[in-house]
Amino acid sequence: MRLQCLVAALWLGVGVMAGKYSREVNEPTQSDGGGQTAEFRIAKLNQVWEKAKRMQLTPVRQAELHSDLKIQEKDELQWKKMKVEGLDENGEKEAQLRRNFNVILAKYGMDGKRDMRPMETNSLKDHEAKDGDMFDDPKLDKLWNKAKTSGKFSNEELQSLKREFQHHKDKIHEYNILMDTVSRTEEIHKNVISPMEGDTKEHLLQQKHTELKEKMRDLNHGFQRLRKISHEGFSQDSVFREPRVIELWEAAKRANLSKDELESLKEELHHFETKVEKHHHYQEQLELSHQKLRHVESLGDTEHIKRNQEKYNTLSEKTREMGYKMKKHMQDLSNKISRQGLQHNEL
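Letter by letter, the sequence shown follows residues -18 to -1, 1 to 329 in mature numbering (1 follows the signal peptide of the UniProt record, and there is no 0).
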């Protein structure tokens, strides 16, 4: 078992990470070797994408991965410019990028480890889950069953609540991935010989523990919200419906922002929520298009297959594009809330 972990760690640290974000890894890739234009400008991201296309990922999961890789690409190219300008001397940004990349690999089952936690989050397949075992967490399942049978929610409200539960489940999964990453970093840290290198790694390790504490605090806030809604129902002054938007709004309210700043942010979050809802719609259409394509392929009508394949490809591209823009917008909003909260705390 320890040998397998060592091999996996070496693969992550050398084969994929290329150690120090080398020039070869960061150089734009014009071709994938087969004459086709590469999907990403960073070689290791193309390697992950090509592997993903060979895996049994649903169309929605594949589109989600594409968006995550685009965000990773943007961040790494920005870091490359920082490096050239002599910034990030202590390697904090580089360490964060490596952690983010590890999270992506684990999230989509490409980190070489067998993950017993279910990865599939396609809402269209929720009906396949067994009653009472929908969220793979006893506390969540118990809370959901109580809310579902309480009679406090309309069908539409129940669907909104279900999305919040699913989002919380995904956040738990991300937390577990990060905790595993920290554990592996600590294992490597024990083998450090150089005192100077040890000090640097100790600092980065403390950062990861701080991030873990923040995520655990967010999880606790999220669970308390779910418990409150499950017992009391949605209040009349509920501002947002989408879990990711609600999460940002709750964070903003905890950030000691002024009334005017909160009102301005609320307006921006309403626009963002529209974007999230539109993305959900395209995800549903993509899954339905994929199901129809599989059906048409089984019939063997070449012309019909071609038309449906073109429609599927168009929907897939649009879903990826919208997913990237939505995640970038969410990243910008999260950074904005964090910066404003920090500025207020410093005053």
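Cβ atoms here follow ideal geometry from the backbone N, Cα and C, with glycine treated the same way.
From a predicted model like this one, the values you see are computed outputs, not experimental measurements.
query, result
"Residue environment, Thr301, which counts as buried when at least 16 other CB atoms sit within 10 Å", "buried"
"Spatial neighbours of Lys235 in its chain, beta-carbon cut-off 8 Å, leaving aside the 5 residues before and after", "Leu244"
"Inter-stretch contact (C-beta, 8 Å, three-pair minimum) for the stretch 19 to 33 and the stretch 281 to 300", "no"
"Distance, Asn82 Cα to Thr40 Cα", "22 Å"
"Buried versus exposed, by CB contacts within 10 Å (16 or more), Ser49", "buried"
"Cβ of Leu194 within 8 Å of any chain C Cβ", "Absent here is chain C; the protein component of the structure consists of one chain."
"Identity of the residue in His252, Met304, Leu239 nearest His268 by Cα", "According to the sequence shown, residue 268 is Leu rather than His. Looking at the Cα atoms, Met304 is the closest of the given residues."
"Ala34 versus Gly94: straight-line alpha-carbon distance, rounded", "13 Å"
"Closest by C-alpha distance to Gln206, when choosing among Glu146, Gln60, Glu255, Ile86", "Glu146"
"Alpha-carbon to alpha-carbon, Phe135 and residue 342", "No answer is possible for residue 342: the residues shown for the chain start at -18 and end at 329."
"Environment of His150 [buried if 16+ CB atoms lie within 10 Å]", "buried"
"Of the listed residues Leu47, Trp231, Met37, nearest to Tyr306 (C-alpha basis)", "Leu47"
"As assigned by DSSP and simplified to three states, the class of Glu292", "helix"
"Host alpha helix (DSSP H) of Val278 (start-end)", "241 to 281"
"Closest residue to Asn84 among Gln44, Leu122, Val164, Leu69 (Cα-Cα distance)", "Val164"
"Euclidean distance between Cα positions of Lys293 and Ser271", "8 Å"
"DSSP state of Ala237 mapped onto helix, strand, coil", "coil"
"Neighbourhood of Ser316 by C-beta, 6 Å cutoff - its chain only, sequence neighbours within 5 removed", "none"
"Pick from Leu297, His261, His253 that is closest to Lys274, judged by C-alpha positions", "Leu297"
"Cβ neighbour criterion (16 or more within 10 Å) applied to Leu59", "exposed"
"Where residue 334 falls, given that 16 or more other Cβ within 10 Å makes a residue buried", "Because residue 334 is not part of the residues shown, which for the chain are -18 to 329, the question remains open."
"Supposed contact pair Val227 and Phe254 - C-beta distance, whole angstroms, cut 8 Å", "6 Å"
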